[in-house]
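Take a look at the structure set out below.
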Amino acid sequence: MKTCHYCSSNSLICKGKRGLIQRYYCKSCHKYQQDMYRYRLYDPKDDKMIKLYHCEGLGIRSISRILGYSSNTIMRRILFLGFSVTKPAYLESNQIYEVDELCTYVGRNHSSHHKWIIYAINRSTKTVVDVAIGSRSRDNIGKVIGTIKSLNPRKIITDKLPVYVNLIQPIKHDTHRYSNNHIERGNLTLRTHIKRLFRKTICYSKNLNMLKASILLYLDHRNWKLDAL
Ligand SMILES: [Zn+2]
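Here our numbering is used: the first residue of the sequence shown is 2, the next is one more, and so on.
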């Protein structure tokens, strides 16, 4: 006679199957269980490993295969860990900042599904000051520029996107060629370290929240610095 894992009673009945594996239902504690499970139970100590693998260019299914958890568990943890990241407070002033947008997509690679990672770095420390993910709208770009303006910048360097001119106005604005080289190098770092930003692969984001969580998790792992390692 089978006994329940949870309450040790003998009131288990067969109820449903997952593939070929029989599931049991306990009539006294009302819980479902099975003899064998394909994936192991999640151990929060592995948060560290998920974070490390995620930030070293491994995709969700690679992490799932290495750690023996289901891909759904990995996705849930990345979402949870990503959204529990807090941005550090900056107390600098009179610095030079570079702002740029990096294009990616959610769902399918078509101009209607394009999303942009808009972020700003301090030119001398390579620290990411703020990041906004979504459309390349005035609102999203304005958020990043607003954060920089609150730090009393000396100069802001951007590409030649017209929306910047109005947003930056009283502050010195530079759009010269090669002047935003540091942040363009940062884009390459992001593209090599985060699997969903790789080009010419079949790995991509299906959900905007997942994209946001993975970028925040990566920045937290690097202590919000995009310097060469
Ligand atoms: Zn039970």
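Beta carbons are placed, not taken as given, at the ideal position from N, Cα and C, and that holds for glycine.
What you are looking at is a predicted structure, and each value in this text was computed from that prediction instead of being measured.
Could you tell me the alpha carbon to alpha carbon distance between Tyr205 and Arg192, rounded to whole angstroms?
Counted from its first residue, the sequence shown places residue 205 at position 204. Counted from its first residue, the sequence shown places residue 192 at position 191. Taking the straight line joining both Cα atoms gives about 12 angstroms.
Apart from the five residues on each side of it in sequence, which residues of its chain come closer than 8 angstroms, Cβ to Cβ, to His183?
What you label residue 183 is simply residue 182 of the sequence shown in a count that begins at 1. Same-chain partners within the cutoff: Glu99, Ile122, Arg124 and Lys127.
Beta-carbon of Ile67 versus every beta-carbon of chain B: anything under 7 angstroms?
Considering every chain present, this structure includes no chain B. It has just one protein chain.
For the alpha helix (DSSP H) that Asn123 lies in, which residues bound it at each end?
The residue you call residue 123 lines up with position 122 of the sequence shown. Counting along the chain, Asn123 falls outside any alpha helix (DSSP H), though it belongs to the beta strand (DSSP E) covering His115 to Asn123.
Of all the alpha helix (DSSP H) runs that stay within the bounds of the stretch 184 to 228, which reach a length of 4 or more residues?
As far as the stretch 184 to 228 is concerned, its whole alpha helix (DSSP H) runs of at least 4 residues are 209 to 222.
Figure out for me which residue from Gln96, Lys46, Ile14 and His111 has the closest Cα to the Cα of Lys173.
As a position in the sequence shown, residue 173 is number 172, starting the count at 1. Answer by Cα proximity: Gln96.
Are there three or more Cβ pairs, one per stretch, closer than 8 angstroms when the stretch 139 to 153 is compared with the stretch 163 to 173?
Counting Cβ pairs under 8 angstroms, three or more are found: they touch.
List in chain order: all unbroken alpha helix (DSSP H) runs of 4+ residues lying wholly within the stretch 52 to 81.
Counting only runs of 4 or more, we get 61 to 68.
Taking the alpha carbon of Arg200 as the point to measure from, which residue in Thr74, Asn210 and Gly58 has its own alpha carbon closest?
Locating residue 200 in the sequence shown gives position 199, where the first residue counts as 1. Of the listed residues, the one whose Cα sits closest to Arg200 is Gly58.
Could you give the distance in angstroms between the alpha-carbon of Leu103 and the alpha-carbon of Arg39?
In the sequence shown, the residue the question calls residue 103 occupies position 102. In the sequence shown, the residue the question calls residue 39 occupies position 38. Roughly 38 angstroms between the two C-alpha positions.
Around ligand 1, which residues pass a check of Cβ closer than 6 angstroms to any of its heavy atoms?
Chain-ordered list of matching residues: Cys5, Tyr7, Cys8, Ser10, Cys27, Ser29, Cys30 and Lys32.
What does the alpha-carbon distance come out to for the pair Ala133 and Ile61?
By 1-based counting over the sequence shown, the position of residue 133 is 132. By 1-based counting over the sequence shown, the position of residue 61 is 60. One C-alpha to the other measures close to 23 angstroms.
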